[in-house]
Amino acid sequence: MPELPEVETVCRGLDPVMTGRVITAIDVRREGLRKPFPANLKVMVEGVKVLRIARRAKYILIHLENAHVLVIHLGMSGRVQIEADPYEPKPHDHLILHMDGGRVIVLNDPRRFGIVLLLPEGQMNDDPAFQAMGPEPLSNAFNGPFLAARLKGKKIAIKTAIMDQQVVVGVGNIYASEALFMAGISPKRMAGSVAGERAERLVRAIRAVLEKAILAGGSTLRDHRQVDGTLGYFQHHFTVYDRAGQPCPGCDCDIIKTKGIQRIVQGGRSSFYCPRKQK
DNA sequence: CCTTGAACCTGCGGGC
DNA sequence: TGCCCGCAGGTTCAAG
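Numbering-wise (my numbering), the first sequence opens with residue 55 and increments by one.
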């Protein structure tokens, strides 16, 4: 399901039903996802109060009163839903958290690329996933000079570079294409050549796209829902993603001449762009 | 070091 | 209808 806007949407939805409440029980319905679930998961979580919900990159952080953080990553197909307790489990429901207050939090993930960790508060950087992470795209740490510096000398395509979580976190396959279109930069451009005003434009575009998507409750393609089941609707605002052959919204369009939006494959992932508007 | 490609897993839609 | 193929919002690991 998730890039940053979808994960942010999930966090905001979880906050009112989890913060200040106790996780009374947890049903663990398989051994793990991409990695085994933490061995001490039940012992460390049951009967413990949730202090706050936060997000870092595409990770959901559930801060517990016992100075540990329950960390959830949704992979490609992970979904979190709030349901009434008692709840009848459905296929691919892997973790069910029972909250005091009569609700359950269900983690469903058909492809099982997700991950669940339990880390001591303040020691998250010991985990390799968090170790070398880039800045949050909506923070001041992510700016033109920073991006240019981090891209300097990189010979990979800019599309691949902005999806690298060590460059900046949270940008995935959809929003990478959307941001590059907004910035007028070809996804094929060499990353090292993005500097100066061009880097500034890309930073502004990434910010703008993510912010708009958050306001829309994320994008619903297949799996993503808000935690109450509501659909996100940013997919209706896609300019290029999954629109191969359609007219580019910026070209006054003789589609025969422009050939419309192109799909190419980079690093095994689809990219979408307009060759006329993006250089 | 850096870059590329495959692997992990299930489900869905399209073409035959 | 059924089957095979390609494709899907991410991350990690091995090999060049």
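Quick reminder that beta carbons are idealized off the backbone N, C-alpha and C, glycines included.
Query	Result
Outcome for Pro92 when other beta-carbon atoms lying within 10 angstroms are tallied against a minimum of 16	buried
The stretch 326-333 contacting the stretch 238-248, beta-carbon criterion three pairs below 8 angstroms	yes
Local Cβ density within 10 Å of Val248, reported as buried at 16 or more and exposed below that	buried
Simplified DSSP assignment, three categories, for Phe326	strand
Buried versus exposed call for Asp180 [16 or more other C-beta atoms within 10 Å across all chains shown]	exposed
Buried versus exposed call for Gln177 [16 or more other C-beta atoms within 10 Å across all chains shown]	exposed
Pair within 8 angstroms by beta-carbon distance, Val294 and Glu232	yes
Of the listed residues Gly224, Gly321, Ala262, nearest to Glu60 (C-alpha basis)	Gly224
Inter-residue spacing [alpha-carbon to alpha-carbon] between Ile212 and Phe184	23 angstroms
Buried versus exposed call for Asp282 [16 or more other C-beta atoms within 10 Å across all chains shown]	exposed
For Gln320: DSSP bridge partner residues	Arg323
Supposed close pair Thr73, Val104 - CB separation, criterion 8 angstroms	6 angstroms
Best match in Arg75, Asn162, Pro145, Asn227 for proximity to Val319 [C-alpha to C-alpha]	Asn227
Nearest residue (CA-CA) to Ile114, options Val76, Glu142, Asp154, Glu57	Glu57
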